[in-house]
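Worksheet for the structure shown next.
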Amino acid sequence: MMLKIENLNVAYGAIQALRGISLEVGRGEVVTLIGGNGAGKSTLIRTIAGLVHPQSGEVIFEGQSIAGMRPHRAVALGIGHSPEGRLVFGDQSVRDNLALGAFSRDNPAEIDADIENGFRLFPRLRERQEQMAGTLSGGEQQMLAIARALMCRPKLLLLDEPSLGLAPLIVREVFEVIRSLKNQGMTILLVEQMANLALGVADRAYVLETGHITLQGTGVDLLKDPRVRAAYLGA
Amino acid sequence: MTAILQALASGLALGAIYGLIALGFNITYATTKTFNFGQGAFLVPGSLVGVSLVLLSVGKPHFGNLSPAEMTFMAYTLATVASVVVVGLIGIALYYCAIKPFVGAAGLNWVLSTIGFGIILQNTALAIWGPASIAVPSPLGSGVYRIAGAGIRPHEVLIAAVAIAVMVGLDIVLRKTRLGKALRAVAFNPQAASIVGINVERIVIIAFVISSALAGLAGILIAPVTTASVFIGLGVALKAFSAAIVGGLTNPRGCMAGGFLLGIIEALVGLWRAEFREIAIFLLIIIVLVIRPAGLFGTKTVEKI
Numbered sequence: 249m250m251l252k253i254e255n256l257n258v259a260y261g262a263i264q265a266l267r268g269i270s271l272e273v274g275r276g277e278v279v280t281l282i283g284g285n286g287a288g289k290s291t292l293i294r295t296i297a298g299l300v301h302p303q304s305g306e307v308i309f310e311g312q313s314i315a316g317m318r319p320h321r322a323v324a325l326g327i328g329h330s331p332e333g334r335l336v337f338g339d340q341s342v343r344d345n346l347a348l349g350a351f352s353r354d355n356p357a358e359i360d361a362d363i364e365n366g367f368r369l370f371p372r373l374r375e376r377q378e379q380m381a382g383t384l385s386g387g388e389q390q391m392l393a394i395a396r397a398l399m400c401r402p403k404l405l406l407l408d409e410p411s412l413g414l415a416p417l418i419v420r421e422v423f424e425v426i427r428s429l430k431n432q433g434m435t436i437l438l439v440e441q442m443a444n445l446a447l448g449v450a451d452r453a454y455v456l457e458t459g460h461i462t463l464q465g466t467g468v469d470l471l472k473d474p475r476v477r478a479a480y481l482g483a
Numbered sequence: 027m028t029a030i031l032q033a034l035a036s037g038l039a040l041g042a043i044y045g046l047i048a049l050g051f052n053i054t055y056a057t058t059k060t061f062n063f064g065q066g067a068f069l070v071p072g073s074l075v076g077v078s079l080v081l082l083s084v085g086k087p088h089f090g091n092l093s094p095a096e097m098t099f100m101a102y103t104l105a106t107v108a109s110v111v112v113v114g115l116i117g118i119a120l121y122y123c124a125i126k127p128f129v130g131a132a133g134l135n136w137v138l139s140t141i142g143f144g145i146i147l148q149n150t151a152l153a154i155w156g157p158a159s160i161a162v163p164s165p166l167g168s169g170v171y172r173i174a175g176a177g178i179r180p181h182e183v184l185i186a187a188v189a190i191a192v193m194v195g196l197d198i199v200l201r202k203t204r205l206g207k208a209l210r211a212v213a214f215n216p217q218a219a220s221i222v223g224i225n226v227e228r229i230v231i232i233a234f235v236i237s238s239a240l241a242g243l244a245g246i247l248i249a250p251v252t253t254a255s256v257f258i259g260l261g262v263a264l265k266a267f268s269a270a271i272v273g274g275l276t277n278p279r280g281c282m283a284g285g286f287l288l289g290i291i292e293a294l295v296g297l298w299r300a301e302f303r304e305i306a307i308f309l310l311i312i313i314v315l316v317i318r319p320a321g322l323f324g325t326k327t328v329e330k331i
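Listed in order, the protein sequences are those of chains A and B. Position in the first sequence counted from 1, then plus 248, gives you this note's numbering. Position in the second sequence counted from 1, then plus 26, gives you this note's numbering.
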């Protein structure tokens, strides 16, 4: 297992966000976490990334406990994170955003090569490479956030709500890239409100409701599950 | 006309000092939304450490007076480096004692803690050096350059030249280097910076070291004009703070411009009537803030959660 989460509890003050969550992500697997607003999906991602400290429970990455580790250390271990709301550096150029994504690395030639890879993945970023990230459209910012997360050469890629606020056409484009990353063997933990898209790309999925995991299975199975269809697919 | 030229030169030198310190306010404010309210006290070791080192090197006690012959250009350069390094290191102590416990927390505890740290620093200096001031000769001597009839003191030129070089250098560092980009990333959003692998706390410490070192540099640069003593600093830092606010606390170039603006206005008004200097400056500050609350070159920051 690349990532193993055991009995994780997280609270913000008096609000219990995650209650006894356990889940696993295997090497090369795409796992998605679906659920409504406030279910705790982002909290889980943020805990893995080191932005939130759990009350109790374990987060084990490649056999090493990383619960409560500071975020930059998690990046150095190989956890790339495209956060909810994108958080690109608006006052710096697209290229500099990508270079910052490689902050944990040293070799300038390799970094330049990886920036090229990012441009190949998202050709639109190449056109805009000298533009300030803050002037990009929402979809372009999302592409930049994903490309930036890839710049640390992650073993595990955390994608938090990549479809948020994007036009359907752009969402499809972003998911095509997620699919191609999957085909290249990238291990991905994807948090998404658009359950049909997420389940379509995922090997396995967990359903999160008010801090509990209520269902799990393969993406295909959950797509067919009547409870999932009723709650998340509008069917 | 010659008097105006003379005042402009003094104003430029004074403004450069304000600009250096204001830039220090900008760097820590951008990265932490805090700054050192006790910055004035950091000019004190800035002036005294370097000067005492020169005194000791010529075999005098650390609080004596220097003859012009003893203040060679080399001695002054080494004194400057020593002051910048020592005060920069004090910046690390400032971070751990007065900033780290309070940064990110609600309230204004950091205001009092930084003022308190400054008072402790100033009184420590008082215990080491006593209340007397040390006359510091300029390494360029006490003569004057005659330019278009105006008498311009070489040390003022030196202050302006060094300060401008440092400002341009920092501007390039902020824009072009990996460290500068990381600093700006932290300033933009610390959380976003942390998830790309930047050690945010280390960047913040570097910001406080730079900020403190700039105050130290201001202290040693201004010493030949004001003398070196435990009591320089407070007034200068208050003006520098005003410069930062007028120029725009969020904009490094604005802070520098604010410094020069204040220095030049102060010198020009002083030419007319010295007692109106402060009145004119603080009136101007109030007017600017009414018209442009974020400062002349500042941008209104929108706090996002």
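All residues carry an ideal CB built from backbone N, CA and C; glycine is no exception.
B:L81 and A:G382 have their C-alpha atoms roughly 53 Å apart. Around A:R475, the same chain offers L463 as residues with beta carbons nearer than 7 Å, after the five sequence neighbours per side are excluded.
For the stretch 316-327 of chain A, residues whose beta-carbon sits nearer than 7 Å to a beta-carbon of chain B comprise P319, H320, V323 and A324.
Collapsing the DSSP output to three states places A:H320 in a helix.
Secondary structure at B:G206: helix, using DSSP grouped into helix, strand and coil. DSSP, reduced to helix, strand and coil, places A:R452 within a strand of the structure shown.
In the DSSP assignment, B:Y121 falls outside any beta strand (DSSP E), carrying neither H nor E. Secondary structure at A:N345: helix, using DSSP grouped into helix, strand and coil.
Chain A places no beta carbon closer than 8 Å to that of B:V199, leaving this residue out of the contacts. Neighbourhood of B:G223 in chain A, by CB distance below 7 Å: H320, V323, A324, F351, S352 and C400, in chain order. For the alpha helix (DSSP H) assignment, the uninterrupted runs of no fewer than 4 residues enclosed by the stretch 294-323 of chain B are, from N- to C-terminal side, 303-317.
The alpha helix (DSSP H) runs of length 4 or more contained entirely in the stretch 132-174 of chain B are, from start to end of the chain, 135-155. If you draw a straight line from the Cα of B:L49 to the Cα of A:A361, it comes to about 36 Å. Just measuring C-alpha positions, the residue of B:A244, B:G289, B:Y122 and B:F99 sitting nearest B:W136 is B:Y122. Contacts with chain A at 8 Å (Cβ-Cβ) include B:A211. For A:A259, the uninterrupted beta strand (DSSP E) run begins and ends at L251 to Y260, by DSSP.
As DSSP reads the structure, A:D360 sits in no beta bridge. Unbroken beta strand (DSSP E) stretches of 3 residues or longer found wholly inside the stretch 369-451 of chain A: 404-408 and 435-440, given in chain order.
Comparing alpha carbon positions, the residue from A:E378, A:P331 and A:Y454 closest to B:V222 is A:P331. Segment contact: the stretch 366-385 of chain A against the stretch 393-401 of chain A, three or more CB-CB distances shorter than 8 Å; contact assigned. Residue contact with chain B for A:L335: present (Cβ-Cβ distance below 8 Å to some residue of chain B). By the Cβ-count criterion, A:H301 is exposed, with fewer than 16 other Cβ atoms from all chains shown falling within 10 Å of its own Cβ. Look at B:F63 here: in three-state DSSP terms it is coil, with no helix or strand label. The beta carbon of A:R275 sits closer than 7 Å to the beta carbons of M250 and T435 from its chain, once the five residues preceding and following it are set aside; these are given in chain order.
Within its own chain, the residues whose Cβ lies closer than 7 Å to the Cβ of A:R376, once the five positions on either side in sequence are excluded, are V342, L384 and E388, listed in chain order. CA-CA distance, B:S268 to B:M27, rounds to 28 Å. Burial is judged here by how many other beta carbons sit within 10 angstroms of a residue's own beta carbon; A:Y260 has fewer than 16 and is exposed. Within chain A, the residues F337, G338 and D339 have their CB atoms less than 7 Å from the CB of B:F214, given in chain order.
Between B:S139 and the set B:V256, B:F128 and B:L69, the nearest pair of CA atoms involves B:F128. Residue environment for B:L309: exposed (fewer than 16 other C-beta atoms within 10 angstroms of its C-beta).
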